[in-house]
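Shown next, in structure tokens, is the structure this report addresses.
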Amino acid sequence: MRTKQFKAESKKLLDLMINSIYTHKEIFLRELISNASDAVDKLYFRSLTDQNVGMSHGDFEIRITPDKEKRTLTISDNGIGMTKDELESNLGTIAKSGSLAFKQENADAKDIDVIGQFGVGFYSAFMVSDCVTVESRAYGENEAYRWQSKGVEGYTVEECDKPDVGTTITLHIKDDTDEEKYSQFLEEYTIKTIVKKYSDYVRYPIKMTVEKRRLKEGTEDEYETVKEDETLNSMIPLWKKNKKEIKPEEYEAFYKDKFMDYEKPLKVIHYKTEGQATYDALLFIPSHAPFDYYTKEYEKGLQLYSKGVLIMDKCKDLLPDHFSFVKGLVDSEDLSLNISREVLQHDHQLKLIAKTIEKKIDSELKKMLETDRETYEKFFEAFGMQIKFGVYSDYGIHKDSLKDLLLFHSSSEKKPVTLKEYVSRMKDGQKDIYYAAGETTDKIDMLPQVDSVKDKGYEILYLTDYVDEFALRALNEYDEKTFVNVCTEEVDLGTEEEKEALKKENEDNADMLKEMKDALGENVHEVRFTDKLKDHPVCLSSEGAISLEMQKVLNSMPNGKDAKATVVLEINSNHPIAEKLKSLYKDDKDGLHDYAKILYAQARLIGGMSVDDPVELSNLVCNLMTK
Ligand code: ADP
């Protein structure tokens, strides 16, 4: 029989397992049971729509059989099974999402820890065994196949006899060493303990034939040893257990195993409702965004159970997009088991459940914000972007419920702030909520317009995410206070006299400003004097719906290339440059044109933008220097 090679990556993982010095080798059993349970789930699913399966929920089981003489441990299931191709592709390659993530995120990390925190699947069998045999017959197939491997050298596949559909995995347990007593995995007691510890909530019975001593019938002191099937797991799903009796570690282990995360969740939400919608929910907020979270590949959804039985793996109708990061499950009494997916989508009960779930997540997040700020900030760092998307997507219909979940950097606080906190600190007479957008808080802090608003003692929200400004625009106002970008003409800080004086200054110099605007052509919509700037000579501001930052964002999108902000070059009327410009206008028009170009370039640089023609700028500056 030809020995086939493992794929390179699988070989690496396999090697890691075989030579693992990881101390919790017992988790191999959890992994194999979990695979068996998944396989049973799949066939059970099938049975809902396919009469030919001929099995019902109660017929499914997972069986563990230790054999001390042969030194083998067998785990078998009557699940969906694997075809010859599936045996090769599933067990010859790392296909599983979890292992893949493990590989990508931890290429250099210490391998040992990772194994413990994280399911590594089928290959973990090699931590305790020197030969693994998998015999499987797939549902609907007449032939069964045997896959066998002694490690990295490769594996063989051949036909075999197996009357029933399902999979039997036989581990030949390694010899004991000084460090490791592998024989323990053949002991009934150890097996029971491991199953109880990791797989208690598995919904199918995990059975083992155990030897029991009992009084011989009809005698008073004669004992006999009988063999009896024992179900090792309680089969009570974690979410059906009393909250008070569940240890945090149990939630953690459940979450990591079920949702393929190597970090514990940031928050566990476990509750039960009765009344209009009767269901148990066990929800988790992950502590970090999955690597594909902000991509199209990510699929939101909760597992949906009906009376303890899984009916859908990712029910997306249970979660709104803005809470798509939530993992978990819902178990309802009210849903029919045989309900088809199409019908489910329109199910009134399901909608009701979804609504209450959204409310619950919302209130839990708000509670976290109030009582555990540090955790909330961690949450917001991971998923805040999604909340902001939520504010402006769907035409802003969720904005009212989401606005109090937002956090922004602030010019005056060391920590991110809520809009409520901002408003509570607003100064007497302050009408608007000020914000400025840029790449980083440091860069924003250097904007001339920011300087002058800060100087007046006002707090400014610093927006560093590209979605921030879109979210604020969608909100439009908070607590009847309008959001105002400090880099637009909407900023209204001066007194009536000051405004009057500025208006006059602009009118008196209208011709000169027009001359400068013409020198700059299409680049700017207008050139004008401002009294907003403190020390800086110039700045760029914008008018209308699209700010300069938004223009940057829109232009980077595939179909937003035409978005254009209406740009205004503002000149500090209190800066010496103002007088200089006026005198140039009288005596040296060409000089005024050059100055306009240099000032415009400066304003762009200060605003974090690049200069269109650096060579021209350099020549202009050099000319001035040598004059
Ligand atoms: P994972 O279970 O995370 O996908 P594994 O390496 O544990 O990764 O298993 C790889 C694949 O092999 C599984 O996805 C499944 O398709 C298949 N498999 C493993 N064990 C069984 C089993 N007992 N019955 C049917 N298929 C199985």
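In terms of the numbering used here, the sequence shown opens at residue 236 and continues consecutively. Think of the CB as a built atom: it goes at the ideal place given N, C-alpha and C, for glycine as much as any other residue. Remember, predicted model here, so these are calculated numbers, not experimental data.
In the pairwise beta carbon analysis, the segment 664-674 is classified as not touching the segment 738-757: fewer than three pairs are separated by under 8 Å.
At a cut-off of 7 Å, the beta-carbon of MET317 counts as near ligand 1: some heavy atom of the ligand is closer than that. In the three-state DSSP reduction, ASP312 falls in the strand class (E or B). In this structure, the C-beta of ASN313 stays at least 7 Å away from each heavy atom of ligand 1. By the criterion of at least three beta-carbon pairs nearer than 8 Å, the segment 522-538 is in contact with the segment 547-559.
Per DSSP, ARG448 is not a residue of any alpha helix (DSSP H); the beta strand (DSSP E) it occupies stretches across 441-450. Residue pairing from DSSP places ILE408 in a beta bridge opposite SER364.
LEU642 places its beta carbon 8 Å or farther from that of LYS601. With fewer than three CB-CB distances shorter than 8 Å, the segment 450-461 does not count as touching the segment 508-527. Counting only the Cα atoms, GLY316 lies some 7 Å from ALA274.
Under the three-state reduction of DSSP output, ARG438 falls in the coil class, being neither helix nor strand. For the set ILE679, TYR528, ALA271, the Cα lying nearest the Cα of ILE441 is the one of ALA271. Ranking VAL561, LYS462, PRO398, VAL288 by CA distance to the CA of ASP496 puts VAL561 first. Secondary structure of GLY826 (DSSP, three-state): helix.
Of the heavy atoms belonging to ligand 1, none sits nearer than 7 Å to the Cβ of GLU244. Looking at the backbone, the Cα of SER418 and that of GLU304 are separated by about 11 Å.
A direct Cα-to-Cα measurement between THR653 and TYR713 gives close to 11 Å.
If you draw a 10 Å sphere on the C-beta of ALA709, you find 16 or more other C-beta atoms in it, and that means buried. Where ASP515 is concerned, the enclosing beta strand (DSSP E) starts and stops at 514-520.
The criterion of a C-beta distance shorter than 8 Å is satisfied by TYR358 and LEU248. The Cβ atoms of LYS799 and ILE781 lie closer than 8 Å to each other. Taking C-beta atoms as the reference points, LEU855 and VAL846 fail to come closer than 8 Å. Residue side-chain check: TYR533 keeps its Cβ at 7 Å or more from all non-hydrogen atoms of ligand 1. Short note on PHE280: C-beta not closer than 7 Å to any heavy atom of ligand 1. Residue environment for THR444: exposed (fewer than 16 other C-beta atoms within 10 angstroms of its C-beta). Counting only runs of 3 or more residues that sit fully inside the segment 469-540, the beta strand (DSSP E) segments are 502-508, 514-520, in chain order.
If you ignore the 5 residues before and after GLN684, its C-beta comes within less than 6 Å of the C-beta of VAL721, CYS722, CYS774, all in its own chain and listed in chain order. Of the heavy atoms belonging to ligand 1, none sits nearer than 7 Å to the Cβ of PHE526. If you look at LEU707, you'll find it in the alpha helix (DSSP H) that goes 703-710. Rounded to whole angstroms, the gap between the alpha carbons of THR309 and ASN377 is 23 Å. Membership of CYS774 in the beta strand (DSSP E) is indicated by the continuous run 773-778. Distance from the CA of GLN837 to the CA of GLU731, rounded to the nearest whole angstrom, comes to 30 Å.
Straight-line measurement puts the Cα of ALA516 at about 11 Å from the Cα of ALA589. Taking a cut-off of 8 Å for Cβ pairs, the segment 405-413 and the segment 363-374 touch, as three or more such pairs fall below it. Just measuring C-alpha positions, the residue of ASP456, ILE297, PRO301, VAL392 sitting nearest VAL400 is ILE297. Straight-line measurement puts the Cα of LEU467 at about 36 Å from the Cα of LYS242.
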